[in-house]
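To keep things clear, I will list the structure first and then write my remarks on it.
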Amino acid sequence: MALGKVSVNNLNLGQGAVIEIERYFLFIGPAAANVGELIPLNTQSDLDASLGVADSDLKTQITAARLNGGDRWACLAAPIDAAGGGWEEALEFAQQQGYSVEGVVITTPVTTGGELADMHDAAVMLNNTYGRRAFVMAATAGIDSALQSWNQYLGEQRAIVKDLAAPRVLVVPQLHGNDLGVLAGRLANAAVSIADSPMRVATGAVLGLGDTPVDMDGIPLPSAIRAELDAARFSVSQTYPDYPGVFWGDGNMLDAPGSDFQVIEHLRLADKAARRVRILLIQRVADRRLNNTPNAMAAATSALMAPLRAMAKSVAFAGQVFPGEIEPPKDGDIVLVWQSKTKVEAYLKLKPYNCPKDLTANIALDLSNDSE
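Quick note on numbering: the sequence shown equals residues 1420 to 1791 in the numbering used here.
Structure representation (structure tokens):
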């Protein structure tokens, strides 16, 4: 004999939104107030109250970032003591408090390649320990206008990054005093896609950049020095003759020649896709709906392709097409391989759009006689 039973269960199909951490940066540096704390900031924050009335490097960079970051700009600040304590403790404290950020901006200038290597190691450990992908924006000091020529300064800077491979680190010389904050704000501006290079002129000129530096001979920053710093994998501002405004060059990563991640936009795209795919994989742990049958494999492939389709979504408006972050995924861009009865590996391919950074026009005369 039996009694009737009725149950209604809610099924979680994993279709909800994922919190977006792109464009949210953690700034670490000396400040006059709230040392040892984590301070959320946005465009309406009182920086004097949060970081102290006195000038500080952290406050200077955040001020520049906020100016360039647009109306949706926000960040997390971790003031540290200039006399003691380092960025490592502040970064770890932020992780323990559960904060996920896309980028870590360390305002204290580095003087050796070893410091940059330590920053790269810390970024890798964030992924190893917490599953959080982040890049680091570091600074080097600007020129000492009382003691250095531009050639001496260039040699000093090149020595810092010589033979260094740190693909998650981007270095900005503080030529104007707040270059690091300017670039951080430009990268965090929600009006621009993470697939766009900071070089993009249509984004507009940078805002609030400090005074043009001079060397010990009073020579203003030459374009040739900017070009050499860029070739050495630093990220610097740039200008175009007879075109008003100051813009930016590439966001150069300290990666090896021939690597896929030599510029910041490529790393940001891969990291964004990885964050979304990771959530989907976690949801499928020990779920037998993902199995080696054709229907299950097709369903899993379609699910893993969803973040790429979202990143590829473009908009047509006013006769122009505003492309998505990547090209639309195609069949074969996602492959699932069963390594054993319980282990599956996914291979995903995402393709950035071509982007013109070196443009040349060739002009010829037509001297034909139209009357003939």
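Think of the CB as a built atom: it goes at the ideal place given N, C-alpha and C, for glycine as much as any other residue.
Since this is a predicted model, take the numbers as computed values, not measurements.
Q) Taking contact to mean at least 3 C-beta pairs separated by less than 8 Å, is the stretch 1439-1452 in contact with the stretch 1468-1481? A) Yes: the two stretches touch, three or more of their Cβ pairs being nearer than 8 Å.
Q.
Tell me the DSSP secondary structure of Phe1680 in three-state form.
A. Three-state result, Phe1680: coil.
Q) Pairing CB atoms from the stretch 1491-1509 with CB atoms from the stretch 1429-1436, are three or more of them under 8 Å? A) Below 8 Å, too few C-beta pairs join the stretch 1491-1509 and the stretch 1429-1436 to call them touching: fewer than three.
Q: State the Cα-Cα distance for the pair Lys1768 and Ile1701, rounded to the nearest angstrom.
A: Distance from the CA of Lys1768 to the CA of Ile1701, rounded to the nearest whole angstrom, comes to 20 Å.
Q) What are the start and end residues of each continuous alpha helix (DSSP H) run of 4 or more residues lying completely inside the stretch 1459-1533, in chain order? A) Counting only runs of 4 or more, we get 1466-1470, 1476-1487 and 1506-1515.
Q.
With a threshold of 8 Å, are at least 3 pairs of Cβ atoms found where one atom belongs to the stretch 1454-1464 and the other to the stretch 1570-1579?
A. Touching, no, given that fewer than three Cβ pairs across the two stretches are closer than 8 Å.
Q) Sorted by chain position, which residues of the same chain lie with C-beta nearer than 8 Å to Gln1516's C-beta, five sequence neighbours on each side aside? A) Cβ within range, chain order: Leu1457.
(Q) Taking 8 Å as the threshold (C-beta atoms), are Gly1596 and Gly1627 in contact? (A) No Cβ-Cβ contact shorter than 8 Å links Gly1627 with Gly1596.
Q. Mind checking whether the beta-carbon of Arg1707 lies closer than 7 Å to any heavy atom of the ligand ADP?
A. Absent from the structure shown: the ligand ADP. Ligands present: none.
Q) Just the Cα atoms here: how many angstroms apart are Leu1602 and Gly1751? A) In a straight line, the C-alpha of Leu1602 is about 37 Å away from that of Gly1751.
Q. Start and end of the beta strand (DSSP E) containing Glu1764?
A. Unbroken beta strand (DSSP E) run through Glu1764: Val1763 to Leu1767.
Q. Roughly how many angstroms separate the alpha carbons of Ala1496 and Ala1468, rounded to a whole number?
A. C-alpha separation (whole angstroms): 13 Å.
Q) Tell me which same chain residues have a C-beta within less than 6 Å of the C-beta of Val1756, skipping the five on either side of it? A) So the qualifying residues of the chain are Glu1764.
Q: State the DSSP-derived secondary structure class of Tyr1549, mapped to helix, strand or coil.
A: Residue state, collapsed to three classes: helix.
**Q.** Within 8 Å, strictly: CB atoms of Leu1545 and Val1590
**A.** No, the pair does not count as a contact, with Cβ atoms beyond the cut-off.
(Q) List, from N- to C-terminal side, the alpha helix (DSSP H) runs of 4 residues or more that fit wholly inside the stretch 1591-1629. (A) With a minimum length of 4 residues, the continuous alpha helix (DSSP H) runs that stay inside the stretch 1591-1629 are 1598-1607.
Q: Kindly list the residues whose CB is nearer than 8 Å to the CB of Lys1776, restricted to its own chain and excluding five residues on each side of it in sequence; keep chain order.
A: Within the same chain, Lys1776 has close Cβ partners Ser1616, Met1618 and Asp1669.
Q | Three CB pairs or more closer than 8 Å across the stretch 1557-1564 and the stretch 1522-1529 | A | Because the criterion of three Cβ pairs below 8 Å is met, the stretch 1557-1564 and the stretch 1522-1529 touch.
Q | For Ile1579, the first and last residue of its enclosing alpha helix (DSSP H) | A | Here the alpha helix (DSSP H) through Ile1579 covers Trp1569 to Val1580.
**Q.** Spatially closest choice to Ala1643 from Thr1631, Val1754, Met1635 and Gln1657, by CA coordinates
**A.** Ranking the options by Cα distance to Ala1643, first place goes to Gln1657.
Q: Grab the span of the alpha helix (DSSP H) containing Ser1733 for me, first residue to last.
A: Where Ser1733 is concerned, there is no enclosing alpha helix (DSSP H), given that its DSSP letter is neither H nor E.
(Q) With H, G and I counted as helix, E and B as strand and the rest as coil, what does DSSP make of Gln1739? (A) Under the three-state reduction of DSSP output, Gln1739 falls in the strand class.
(Q) Tell me which residue opens and which closes the alpha helix (DSSP H) that Ile1644 is part of. (A) Counting along the chain, the unbroken alpha helix (DSSP H) around Ile1644 starts and ends at Ser1642 to Ala1650.
Q: Could you work out which residue in Thr1631, Ile1782, Arg1491 and Gly1505 is closest to Met1538 when comparing CA atoms only?
A: That would be Gly1505, whose Cα lies nearest to the Cα of Met1538.
Q | Alpha carbon of Leu1594 to alpha carbon of Ile1562, nearest angstrom | A | Looking at the two C-alpha atoms, the distance is approximately 6 Å.
Q) Thinking C-alpha only, which one of Val1734, Ser1759, His1685 and Lys1691 is nearest Asn1711? A) The shortest Cα separation from Asn1711 among Val1734, Ser1759, His1685 and Lys1691 belongs to Ser1759.
Q. Mapping DSSP to helix, strand and coil, what is Ser1787?
A. Note: Ser1787 maps to coil in three-state DSSP.
Q: State buried or exposed for Val1682, treating a residue as buried only when at least 16 other CB atoms are found within 10 Å of its CB.
A: Classified as buried, Val1682 has 16 or more neighbouring CB atoms from the shown chains inside 10 Å of its CB.
Q. Can you tell me the Cα-Cα spacing of Ser1519 and Phe1446, whole angstroms?
A. Distance between Ser1519 and Phe1446, taken at the CA atoms: about 13 Å.
Q) First and last residue of the beta strand (DSSP E) that includes Thr1559? A) Counting along the chain, the beta strand (DSSP E) containing Thr1559 begins and ends at Phe1554 to Thr1559.
Q. Are Pro1641 and Trp1569 close, meaning C-beta to C-beta below 8 Å?
A. Taking a C-beta distance under 8 Å as the contact criterion, Pro1641 and Trp1569 qualify as a contact pair.
Q. With distances taken from CA atoms, which of Arg1442, Gln1434 and Lys1770 is nearest Ala1609?
A. Here the closest residue by C-alpha is Arg1442.
Q. Under the three-state reduction of DSSP, which class applies to Gln1702: helix, strand or coil?
A. Secondary structure at Gln1702: helix, using DSSP grouped into helix, strand and coil.
Q: Name the two residues that bound the continuous beta strand (DSSP E) containing Pro1748.
A: Careful: Pro1748 lies outside any beta strand (DSSP E) and carries neither H nor E.
Q) Under the DSSP definition of a beta bridge, which residues are partnered with Ile1782? A) Looking at the DSSP assignment, Ile1782 forms no beta bridge with any residue, so it has no partner.
(Q) Need the endpoints of the beta strand (DSSP E) that Tyr1662 sits in, please. (A) Element bounds for Tyr1662: Tyr1662 to Trp1667.
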